[in-house]
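In structure tokens:
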């Protein structure tokens, strides 16, 4: 039975005892502590941890209720606590990644299904937000026989990215170019977007889009209820591409998706394979373009960042458009260069 005085409190990751107790509790629910959690709360019945949930930017994560208390008001208390915390930060549009068996519970709490794949369902706390996004997207719809699409992070925009866009522009009536807007990259979205805009301004049939919240980033996809990294990558890719196919493709009448060949990154390689499986069909074609090489190696954004990190800024001009090179030579890029040099992450 629930005690008369339930205690809701925040758990800090530097509290070793609290963190260990939380990890052990989540383990009983086949969930791991989410590495991206920015805010974690827990509910205690006297000294017993009975429910928890966390917040990472605009997503609610690692939500768990002890089995003997499921069906009580605890889930509602966890969600209400996290929503209140998000609202205080000015975040009102929220998402939950959950297992299919939990969809009904979250539906009762005001969440709506966007898409599902075998192991994961993505839900949001609005019945109209995705339609509003699609309505805005449709204002950039252009008629034509061949309507192409590209989704890129461009961290930063390289000659490889430029070649991919140029090939698509050459072969199609219009190219819808989506820039992943989630701030999971070392280079901020506004800079990435501007470098792509400047690097493609010579192509008059390319339409630039901000990716928005409906394009899932591999860097922030919650893998805490996945068995292993490979399963997480496959599920992330399938979910992201299912959303693209169901909502974005029909809104813009897209019939081609372009992607660069991937010789290095395993995550991107799996994503590309999943893309062909999910998108290719009678009305949709996936075109894989060979990577551009320079100095005997395929050009990649990670290699460009490595050169910057290793104080070899001059060398990047062989791998990036002049607009990208000029930006990194400018005073405006000084703080970003320091950030890249001190970064230890993959992105």
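In UniProt numbering, the protein residues as written are 1 to 347. For each residue, glycine too, the CB sits at the ideal point set by N, CA and C.
- Annotated three-state conformation of residue 56 is strand, per DSSP.
- For residue 105, the enclosing alpha helix (DSSP H) stretches over residues 103 to 108.
- Taken atom to atom, the span from the alpha-carbon of residue 206 to that of residue 193 is near 13 Å.
- Secondary structure note for residue 272: its alpha helix (DSSP H) is the uninterrupted segment 266 to 279.
- Distance check between residue 211 and each of 174, 133, 257 and 282 places 133 closest, using alpha-carbon atoms only.
- Around residue 150, the same chain offers 164, 165, 168, 175, 176, 177, 178, 257, 258 and 259 as residues with beta carbons nearer than 8 Å, after the five sequence neighbours per side are excluded.
- According to the DSSP assignment, residue 209 belongs to the beta strand (DSSP E) that extends over 206 to 210.
- Cβ-Cβ distances below 7 Å link residue 183 to 189 in the same chain, with the five nearest sequence neighbours on each side left out; the list follows chain order.
- Sixteen is the threshold: when 16 or more other Cβ atoms of the shown chains lie within 10 Å of the Cβ of residue 240, as they do, the residue is buried.
- Residue environment: residue 229 is assigned as exposed (fewer than 16 neighbouring CB atoms within 10 Å of its CB, all protein chains considered).
- Residue state for residue 132 is assigned as helix, using DSSP reduced to three classes.
- In chain order, 33 place their CB closer than 6 Å to the CB of residue 23, counting only its own chain and leaving out the 5 sequence neighbours on each side.
- Residue 289 places its beta carbon 8 Å or farther from that of residue 266.
- Note on geometry: alpha-carbon atoms of residue 173 and residue 141 lie some 12 Å from one another.
- DSSP lists 42 as the bridge partner or partners of residue 9.
- By the C-beta density criterion, residue 35 is exposed, having fewer than 16 other C-beta atoms within 10 angstroms.
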